[in-house]
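For reference, the structure discussed in these notes is given below.
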Amino acid sequence: ELVEQGRGQQWSLASRLKTPVEDLEAANSTLAHSYLDLSRRVSDAARSSATITDRATADRAATEYRRLTRQWDTAVAEIRKLQGFSRFLLPPSYEDLQAAARQGPVIILIASQYSCSAIIIPTSGEPHHVPLSSVTLLDLNNLKDRFARAIRHASIMGQKVPRNDLIVLLRTVWEEIMLPIVNVLEHVLKLKHGSRIWLCPTAAFTSIPLHAAHPFQTRADRSKEPCLEDLYICSYTPTLSALVRSRQMMKKRVTPSFVTIGQGQPGAGKGKALLAVESELELVRKLVPATANRPTISGDAATRAGALEALEENTWVHLACHGKQDPTQPYNSHFVMRDEHLTLLDIMEKHIPQAEFAFLSACHTAVGDKKTPDEVIHLAAGLQFSGFKSVIGTLWEVDDAVAKHVVKAFYENLFADLEDGGVMDCTKAAWALNRATHSVKTKVPLEQRMVFVHIGV
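Plus 11 on top of the position in the sequence shown (first one is 1) and you've got the numbering used here.
What follows is the structure, given as structure tokens:
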């Protein structure tokens, strides 16, 4: 409960302003309208009292403000008496948060100057504490810097050259971080191989590709030791509340429509041309079931306004363009469109409850702000917040020439059973990504397989 309250506060505050009143209106519209009216009046009173200079008027305004806040408190107390609203505007309890683990355990990774550890939230029962005694906060910061250097180095290497630096680092992540956690999953929770798990990293852990942990060891019988993604289907979640919220919104399913948005020629000063974008959009369109509506927006039509409208009008989206994380103003992180940037703030301001899935085939879409990693402010989290329940994002720069292999394998796996009468199901995205990255090992270098991560349901 404490970890959850301390992170993702921007998302928590914004979501409190977005969702609870809708549920309340359905349960008791009179109380909902009274609460909204009082909230507005309290806010107005606080703003107006700040500008009053006359002492007598200020006293009267203060008295009125106290009267309104007492009424507001009374309204909130009445709301909490309603069935299902006992924790209205209160931080979520462990029982509330455990709903995040309904489909598989959630693993929170905690790093501080005192110790590093993991908390595993199981589907039922008490949480499990896993000390990570062989790793310190200093080790994690060093590991983070070494990963950044190894990824930069790998980007200029030939495709067939072994990524020895990365292999050493991923072995460290396996041995010192993920192996103690896997031991608890296997031997204490008896979690079957092939099950789903969710990683919820905090602090320095947010900059480490935990999902790619790998022993790179061969057994005596010459078989290979399994890596994390051989054992389990890994997803990430910015917070437990974000996952719970996405699951709750899954109840409102509508007929799917799948839009492909691409901008390979962003214009002067906005980055190099992405020559593979048009062919990627065409590839995705061919793989999307014919039963879904399949609009495409590219070239001159792929503007900020055009992309925003497409996000609002469709339930599934594949976005191929330049993505930029703004290290100083994370809300200005953006997708590069033909005219203006499509920013994180633009996306956050939209409420798209019917949205289901987004594949962000762009650079740096799941990387948060370095100074405030626990706020998890990035493009993929913004799309999840606006309503997309299942999102694939990227941790660093994507090579669009090889990314198409991952994209093709992903959609082939995701839509494989639709010919037998299945439906488009965004909850299969993590599994499809796992299968895709396994199947392209000979075509795609290690750092370009690791770059894609799944977030959400």
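Built from N, CA and C at the ideal position, the CB exists for glycine as well.
Problem set entry | Residues sharing a beta bridge with C9, DSSP | Since the displayed the chain opens at 12 and closes at 468, residue 9 lies outside it and no answer follows.
Exercise. What separation, rounded to the nearest whole angstrom, lies between the Cα atoms of I119 and L390?
Worked result: For the purposes of this step, residue 119 is taken as residue 108 along the sequence shown, with counting starting at 1. For the purposes of this step, residue 390 is taken as residue 379 along the sequence shown, with counting starting at 1. So the alpha carbons of these two residues sit roughly 21 Å apart.
Exercise. Cα-Cα, which of Q228, L457 and V462 is closest to K171?
Worked result: Position 160 of the sequence shown, counting from 1, holds the residue named residue 171. Checked all of Q228, L457 and V462; the closest Cα to K171 is L457.
Exercise. Of the residues E33, S401 and A110, which one's Cα is nearest the Cα of A369?
Worked result: Locating residue 369 in the sequence shown gives position 358, where the first residue counts as 1. Shortest Cα-Cα distance from A369 to any of E33, S401 and A110 involves S401.
For this session: Name the two residues that bound the continuous alpha helix (DSSP H) containing W83.
Result: Taking the sequence shown and counting its residues from 1, the one referred to as residue 83 is at position 72. That run of the alpha helix (DSSP H) goes R66 to R91.
Exercise. What three-state label does DSSP hand C332 in the structure shown?
Worked result: The count along the sequence shown starts at 1 and reaches residue 332 at position 321. Note: C332 maps to coil in three-state DSSP.
Exercise. Among all the DSSP beta bridges, which residues are the ones paired with S45?
Worked result: Looking up residue 45 in the sequence shown gives position 34. Answer is none; S45 lacks a bridge partner.
Problem set entry | Validate contact between the segment 237-246 and the segment 293-308 using beta carbons, cut 8 Å, 3 pairs | The segment 237-246 vs the segment 293-308: no contact.
For this session: List the endpoints of the continuous alpha helix (DSSP H) containing P191.
Result: The count along the sequence shown starts at 1 and reaches residue 191 at position 180. P191 -> alpha helix (DSSP H) spans L190 to H198.
For this session: Just grab the DSSP bridge partners of L9 for me.
Result: A question about residue 9 goes unanswered here, because the residues of the chain that appear run from 12 up to 468.
Exercise. Can you tell me the Cα-Cα spacing of T438 and H465, whole angstroms?
Worked result: Here residue 438 corresponds to residue number 427 of the sequence shown, with the count starting at 1. Here residue 465 corresponds to residue number 454 of the sequence shown, with the count starting at 1. Looking at the two C-alpha atoms, the distance is approximately 10 Å.
Problem set entry | Option in L322, C332 and K419 with minimal Cα separation from G310 | The count along the sequence shown starts at 1 and reaches residue 310 at position 299. When only C-alpha atoms are compared, the closest one is C332.
For this session: Within 10 angstroms of the Cβ of P249, are there 16 or more other Cβ atoms? Answer buried if so, exposed if not.
Result: As a first step, residue 249 is located in the sequence shown; it is residue number 238 there, counting from the start. Buried, by the Cβ-count rule.
Exercise. In this structure, does DSSP put H204 in helix, strand or coil?
Worked result: What you label residue 204 is simply residue 193 of the sequence shown in a count that begins at 1. H204 falls in the coil class under three-state DSSP.
Exercise. Since T307 is in the beta strand (DSSP E), which residue starts that stretch and which ends it?
Worked result: Taking the sequence shown and counting its residues from 1, one reaches residue 307 at position 296. T307 to S309 is the extent of the beta strand (DSSP E) around T307.
Exercise. Between which two residues does the alpha helix (DSSP H) containing V404 stretch?
Worked result: Here residue 404 is taken as the residue at index 393 of the sequence shown, counted from 1. Note that residue 404 is Gly in the sequence shown here, rather than Val. Counting along the chain, G404 falls outside any alpha helix (DSSP H), though it belongs to the beta strand (DSSP E) covering S401 to T405.
For this session: Would you tell me roughly how many angstroms separate the C-alpha atoms of R233 and V195, rounded to the nearest one?
Result: Numbered from 1 along the sequence shown, position 222 holds the residue referred to as residue 233. Numbered from 1 along the sequence shown, position 184 holds the residue referred to as residue 195. Spanning the two alpha carbons is a distance of roughly 26 Å.
For this session: Go through the segment 121-166 residue by residue and report every complete run of the beta strand (DSSP E) that reaches 3 residues or more, in order.
Result: Restricting attention to beta strand (DSSP E) runs no shorter than 3 residues, the segment 121-166 encloses them at 127-132 and 139-142, ordered along the chain.
Exercise. Below 8 Å between beta carbons: does that hold for W327 and E293?
Worked result: Mapped onto the sequence shown, residue 327 falls at position 316. Mapped onto the sequence shown, residue 293 falls at position 282. Result no, Cβ atoms of W327 and E293 do not sit closer than 8 Å.
Problem set entry | E106 to M359 span [Cα, whole Å] | One-based indexing of the sequence shown puts residue 106 at position 95. One-based indexing of the sequence shown puts residue 359 at position 348. Pairing E106 with M359, the inter-Cα distance amounts to about 28 Å.
Exercise. Tell me the DSSP bridge mates of K439?
Worked result: Mapped onto the sequence shown, residue 439 falls at position 428. Looking at the DSSP assignment, K439 forms no beta bridge with any residue, so it has no partner.
Problem set entry | Sequence-distant residues of its chain with Cβ nearer than 8 Å to Q82 (five each side left out) | Taking the sequence shown and counting its residues from 1, one reaches residue 82 at position 71. Excluding its 5 nearest sequence neighbours in each direction, Q82 has C-beta neighbours in its own chain below 8 Å: L49, listed in chain order.
Exercise. Does DSSP put F99 in a helix, in a strand, or in coil?
Worked result: Here residue 99 is taken as the residue at index 88 of the sequence shown, counted from 1. DSSP places F99 in coil when its eight states are reduced to three.
For this session: Assign A37 to one of two classes, buried (16 or more other C-beta atoms within 10 Å of its C-beta) or exposed (fewer than that).
Result: Residue numbering aside, residue 37 sits at position 26 when the sequence shown is read from its first letter. In this structure A37 is exposed. Its beta-carbon is surrounded by fewer than 16 other beta-carbon atoms within 10 angstroms.
Exercise. In the DSSP assignment, what residue or residues form a beta bridge with H416?
Worked result: Position 405 of the sequence shown holds residue 416. Within the DSSP bridge table, the entry for H416 names no partner.
Exercise. Is it buried or exposed for L425, if we count other Cβ within 10 angstroms and need 16 for buried?
Worked result: Translated into positions along the sequence shown, residue 425 becomes position 414. When all chains shown are included, L425 counts as buried.
Problem set entry | Host alpha helix (DSSP H) of G169 (start-end) | Here residue 169 refers to the residue found at position 158 of the sequence shown. Where G169 is concerned, there is no enclosing alpha helix (DSSP H), because DSSP gives it neither an H nor an E.
Exercise. Considering T354, what are the terminal residues of the beta strand (DSSP E) in which it resides?
Worked result: For the purposes of this step, residue 354 is taken as residue 343 along the sequence shown, with counting starting at 1. Residues H352 to T354.
Exercise. Got a sec, what are the start and stop residues for the alpha helix (DSSP H) T183 sits in?
Worked result: The count along the sequence shown starts at 1 and reaches residue 183 at position 172. Secondary structure note for T183: its alpha helix (DSSP H) is the uninterrupted segment N175 to V184.
Problem set entry | the segment 73-82 in contact with the segment 213-230 per 3-pair CB rule at 8 Å | Fewer than three beta-carbon pairs drawn from the segment 73-82 and the segment 213-230 are found closer than 8 Å, and the two stretches are therefore not classed as touching.
Problem set entry | Three-state secondary structure (DSSP) of K297 | Start at 1 with the first residue of the sequence shown, and residue 297 comes out as number 286. In this structure, K297 counts as helix in the three-state DSSP scheme.
Exercise. Do G398 and H449 have their CB atoms nearer than 8 Å?
Worked result: What you label residue 398 is simply residue 387 of the sequence shown in a count that begins at 1. What you label residue 449 is simply residue 438 of the sequence shown in a count that begins at 1. At the C-beta level, G398 and H449 stay beyond 8 Å of one another.
Problem set entry | Backbone CA spacing between V32 and L285 [nearest angstrom] | Counted from its first residue, the sequence shown places residue 32 at position 21. Counted from its first residue, the sequence shown places residue 285 at position 274. Going by the C-alpha atoms only, they are around 43 Å apart.
Problem set entry | Under the three-state DSSP convention, the category H449 falls into | Position 438 of the sequence shown, counting from 1, holds the residue named residue 449. Note: H449 maps to helix in three-state DSSP.
Problem set entry | 8 Å Cβ shell around A321 - same chain, five flanking residues per side excluded | Residue numbering aside, residue 321 sits at position 310 when the sequence shown is read from its first letter. Hits under 8 Å: V270, I272, P306, I308 and V328.
For this session: Kindly indicate which three-state DSSP category F346 falls into: helix, strand or coil?
Result: In the sequence shown, the residue the question calls residue 346 occupies position 335. The answer is strand: DSSP assigns F346 an E or B state.
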